[in-house]
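All remarks here apply to the structure that follows.
Residue numbers (my numbering): 299 to 669.
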């Protein structure tokens with residue numbers, strides 16, 4: 299089972315809050331107040347008040363009423379004001395906790411477990427009455443929309459030129475099936491001395507190519523299924539435990555590697571200047587918008603880490619100047635700010651990133667850069 303990192307590293311968060319401390323740039327269109335709704339994220343709310351949402355630690359840090367912005371709930375109302383020239387946030391919470399009733403229904407609330415219970419319901423003989431435990435079903439808002447990237451945290455993946463070609467491949471399907479899915483068995487060539495029982499079935503995808511140097515940066519391995527080894531050999535027998543599509547003859551199997559999975563991210567800009575391009579969009583989407591997953595042509599080799607934010611620039615069009623004295627003269631229009639993306643799974647030379655904000659149509663080959 300993959301080791302799961304349960305936070306975006308508290309030390310990194312505190313260090314980063316100081317490292318990128320600068321004048322907070324307030325969003326000129328900020329509301330005076332905002333009521334949190336289901337589906338909001340801390341990033342979304344910060345972007346309503348800030349020009350750069352990644353400056354949220356600076357905004358929240360000096361507001362003593364909001365002690366932990368990670369514990370903001372739908373229904374809470376956030377108020378914005380300027381105090382002595384500094385932005386100030388305050389919060390009101392609609393949730394009310396009623397005091398337990400003596401000689402009445404006994405309800406144990408979450409506050410009773412945190413601070414201790416002082417009043418107890420008793421019957422006419424002074425004996426304690428059984429209590430009902432009340433649990434608040436409201437969930438605190440998330441830092442980012444993690445549900446949008448969960449499917450891409452372990453699969454698909456980016457591989458080298460020969461990684462898939464050198465892997466065992468599907469040679470047949472059990473039970474005379476034409477196609478195979480969850481619950482079926484498959485036969486795979488040459489798994490003779492396994493060191494695991496967990497494998498993943500991939501299908502070769504296209505190459506990721508640098509638009510500037512035309513160099514191949516890696517190859518897409520499309521996720522098809524998770525399988526479990528039942529019998530080693532040549533062919534080996536594997537059972538399909540989870541399927542995202544039909545398994546075909548020739549699909550490749552790779553050992554299911556353990557990876558660190560970060561479940562909570564701290565969005566922030568890279569420490570150095572990085573410029574790159576969007577080179578692909580995942581999940582069969584043709585139009586790129588908010589919360590789509592894209593591939594960019596920069597990775598860990600270039601200094602990218604999970605949580606790094608980059609600005610998206612829509613490429614300026616090349617237009618013909620019909621009034622120029624030069625025949626067939628053309629002019630490239632300026633690149634325009636189109637949105638923001640956040641890297642969540644960097645590989646060596648490319649990265650998966652989530653589009654956090656889109657104010658204009660975004661396209662493959664649009665530029666990305668450190669904000």
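All C-beta atoms, glycine included, are put in the ideal place defined by N, C-alpha and C.
Contact annotation, residue 653 with residue 587: C-beta distance approximately 7 Å; criterion of less than 8 Å satisfied. Taking the Cα positions, residue 650 is about 29 Å away from residue 493. Sorting 583, 629, 607, 573 by C-alpha distance to the C-alpha of residue 595 places 573 at the top.
Secondary structure at residue 445: helix, using DSSP grouped into helix, strand and coil. Residue 541 and residue 522 have their C-alpha atoms some 6 Å from each other.
Inter-residue distance for residue 333 and residue 421 is about 42 Å (C-alpha atoms, whole angstroms).
Assigned with DSSP and collapsed to three states, residue 644 falls in strand.
CA-to-CA, the gap between residue 519 and residue 463 works out to about 11 Å. For a cut-off of 8 Å, the C-beta gap from residue 641 to residue 605 is around 7 Å, short enough to register as a contact. Nearest to residue 345 by alpha-carbon distance, out of 659, 637, 646, is 637. Under DSSP, residue 531 shares a beta bridge with 489. According to DSSP, residue pairing for residue 566 in a beta bridge involves 606. When C-alpha distances from residue 645 are compared across 454, 354, 473, the shortest belongs to 454. An exposed status is given to residue 384, since fewer than 16 other beta-carbon atoms sit within 10 Å of its beta-carbon. The Cβ-Cβ distance between residue 370 and residue 322 does not fall below 8 Å.
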